[in-house]
Each structure stands twice: as C-alpha cells, then as structure tokens.
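J.: Mind looking over this structure? Questions follow.
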Amino acid sequence: MHVAFVTMTTAHHVDHWYARRTRAVAERLASRGHEVSVVCTQWWGGDHAAFDFDGVSYRRVTTDRSPSTFVAKLPFVLNGVRPEVIHVATDPALAVPAAKAAGRLRRVPVVAEWWDPPGRGTERSWRRHWAARSPNTLLVPSETVATTARECGAAADAVKVLPDSVDVAGIRDAPVDDRADLVYARRLDEHANVEEFLLALAELRGWEWRAAIIGDGPARADAERMASDLRIDDRVEFLGDLAPAEQVPILKGAHVFAQTATWEPFATDLLRALACGCVGVVEYQADSAAHELVEADPRSSLVTSPQELAEEIVAATETERWTVNEDYAAYDHDAVLDRYVDRYRELVTDYGLF
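The sequence shown maps to residues 872 to 1225 in this note's numbering.
Next comes the structure, spelled out in structure tokens:
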C-alpha cells in the first residue's frame, strides 16, 4: 500500500508531539514494506525535490513554511505522488480540503490527523470547520481530542481514536534500574506543571524516597531552583532528555509515576511508565487526556492537588511492585500500527464502491 502523509511541518523542522507521531507512524509503515511518502516543506539541503530518509520518501511542496503557498501547491504535488491513501495533518487547517481535492481527482480516501494545540481546542473558525468535515476519517489520539473535533463539526462516525504506542516487547526484555522510587517524565515546557510533583514531594519529607525527573526544556531551571528552595534537591535527580529505551529501565525500577502536565493530547510518557509496571498517579487537567489511561486501572488513581498526589504516593506503598503490566500490551507499536493499516484498508475497500 502507498500512503502519502501530508504535513507542512515535520519532526525534522520542529520537536512537537504531532510531528513526532507522524514520523513514527510513517517509518513503521515503511519498515513493514509499505511505500510511504511524506509531502512537506523542504527540510533537507540541496535543490532536489525529493529526499529518501529511513525508508521514507520526502517530497517538497515548498521551500519555506508559508501556509497559503503550501495549500495552493499541495494538490498538484499529491497528484504526482499517486498514493492509495492520503493521510494529512490538520495544520494548516486548509491543507485538509486541499488534500481532499487531490483525493477526489485520484479517487483515493483522505485520512486527517486532528491537530489540537493548546488554547485552540474550542476555536471554531471556518477553516477548522472545513478541516473537520472534509476527510473520510478523522484520526485522534484520545477521547479528549475527539471532543474538540466533534465541536468543530466532524461527524461522530468519522472520528476514530488511535492512541500513541510504546515498545511493550522491548519493555519485557529490558533490565531494571532501581535508582528512583518516584518518577516524572516529560518535556519541561510551559505545560509541564512539574512544580505540582515537587510540592507533593515536599509534603513527604519525612518519608524515605528517591525521585527522578526525566526531560529537558525551558522550565528545567525553574524546577531545579524550586527543588532547592523546598530543600529536597538532594533527593531529586534531574536526568535531562533520555531516549525511550534509556527511560525504560528506570521506569521498571520505580514504583510510582506522577503525571501533572496541563496539556497532553495523549500521555505517552505515562503510558510507557504504566507498561513498565508503575503505579500511575494522575493530576486531572481539563486539557490533558492522561486520565483516560488510568480510569480503568485498579493500581492507579486520579487526584486534583499536590496534597492528594502526596497521599496517593503514600497509598501506593501498599501496592505490589511490578516491572511489566500486561494490561497495556494492546498499546505495543505493532498492535497500534495494525489498527492504522486496518483503517487504511477499510477505506480503500469502501472507496472502491463509489
């Protein structure tokens, strides 16, 4: 199957969640033998219009990130790529109807990946409405994001939840690093809200524990300063950015994973920790889908404040330590990729009936 991903901005341009998700799905499809093209703004050097990287063929639409120019040229580039399925990111929003125009011309289905950045979840501009109503299927990572898509006009039966995934097979085989009892992991940006975790730790000064914070970003310096001000910096280790494979042994050795971020379309770091056997303690946030992963998990809990977070950390001491939780095996990379492929094939089959 030939799938063309459309995204003006790729993970080679910026480090944001949806760009990483698109790249991961594209590369995993390619590793299975599917033909994969990514139609995007040029990020590689030279004047050639295409560039192959990690099994994926990148095709240039524009050389700079101009949404209007990108949208205008997109149908012509897609017509030359000749895919069987078009999978388009909803940023810029008008890329979706532009991709749909190309899909009609070539008689191929269009799948859109709903882009729901912070602060735009309730925006109802005509561009967003058009993007929500144009594709055959609108893919979202969580029910939380599905709500924003439906609010923008997407038909309920067109919205399909496809979660992020983690390497459950690799988790099973990974060693255990017991350097920390309590772990927080996420990019330390304005949505990290890591101070809630630190305040909870300060409530537990009288208990024996070691904590690790995995991640880097503009909020790290403030977090380190806060740990010092709370006089817990000698028990909190800031580990910086770690690749998932480097995180896994630490998560397998930990007992509790704290999730406090204010914005998460899908809490991938939490998922990885849960698969590693951690007890998840999630602080509920209106713009985060993290609660969806633990609502049915008897080992985990939801809280609304640092005080409750501290109480649940203490309560977790009564829960058996695990290094793998097979309840999350359905989130393995291969299992989730199967769901993508199944959806593509369903659409291709259905589209052939018209």
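Every residue, glycine too, gets a C-beta built ideally from N, C-alpha and C.
Cα separation between V1219 and E955?
T.: Each residue's alpha carbon lies about 7 Å from the other.
J.: What's the C-alpha gap between L1010 and A1002?
T.: 12 Å
J.: Around the C-beta of D1213, are 16 or more other C-beta atoms found within 10 angstroms, so that it is buried, or is it exposed?
T.: exposed
J.: Is the beta carbon of V1065 closer than 9 Å to that of A1092?
T.: no
J.: Examine chain B for any beta-carbon lying closer than 9 Å to the beta-carbon of E1182, and answer yes or no.
T.: Annotation note: the requested chain B is absent from the structure, which comprises a single protein chain.
J.: Beta strand (DSSP E) containing S1036: first to last residue?
T.: No beta strand (DSSP E) holds S1036; DSSP gives it neither H nor E.
J.: Name, in chain order, the residues that DSSP records as bridge partners for D1158.
T.: W1134
J.: Look up H958 in the DSSP assignment and give the residues it is bridged to.
T.: F876, V982
J.: Please classify A1186: does DSSP put it in a helix, a strand, or coil?
T.: helix
J.: According to the neighbour-count rule (16 or more other Cβ atoms, all chains shown, within 10 Å of its Cβ), is F947 buried or exposed?
T.: exposed
J.: Beta carbon of V1165, beta carbon of L1141: below 9 Å?
T.: yes
J.: Beta-carbon within less than 6 Å of E1074's beta-carbon, same chain only, minus the 5 sequence neighbours each way: which residues are those?
T.: A1181
J.: Nearest to A1051 by CA position, among A1040, A1063, E1079, is which residue?
T.: E1079
J.: What residue range is occupied by the uninterrupted beta strand (DSSP E) comprising R931?
T.: 927 to 933
J.: Can you name the residues that DSSP bridges to D923?
T.: S928
J.: For W985, tell me which candidate among G951, R1004, L1208, D1049 has the shortest Cα-Cα distance.
T.: From the listed residues G951, R1004, L1208, D1049, the smallest Cα separation to W985 is found for R1004.
J.: Would you mind listing the beta strand (DSSP E) stretches within the segment 1100 to 1126 that are 3+ residues and don't spill past its ends, in chain order?
T.: 1107 to 1111
J.: Rounded to the nearest angstrom, what separates A882 and H919 at their Cα positions?
T.: Their backbone Cα atoms lie some 20 Å apart in a straight line.
J.: I'd like to know whether the C-beta atoms of C911 and R892 end up nearer to each other than 9 Å.
T.: Going by C-beta atoms, C911 is not nearer than 9 Å to R892.
J.: Using a threshold of 9 Å, state whether the C-beta atoms of V1039 and D1203 are closer than that.
T.: Taking 9 Å as the Cβ cut-off, V1039 and D1203 qualify as a contacting pair.
J.: By the three-class DSSP mapping on this structure, what secondary structure does R891 have?
T.: R891: helix per DSSP, three-state reduction.
J.: Do you know whose CA, among Q913, F924, A921, V952, lies nearest T934's CA?
T.: Q913
J.: Is the beta carbon of V959 closer than 9 Å to that of F1068?
T.: no
J.: Mind checking which residues open and close the alpha helix (DSSP H) that includes Y1055?
T.: Where Y1055 is concerned, there is no enclosing alpha helix (DSSP H), although the beta strand (DSSP E) it sits in stretches over 1053 to 1056.
J.: Under a three-way DSSP split, which group does A964 fall into?
T.: coil
J.: Quick check: what's the CA-CA separation for V1152 versus L945?
T.: 44 Å
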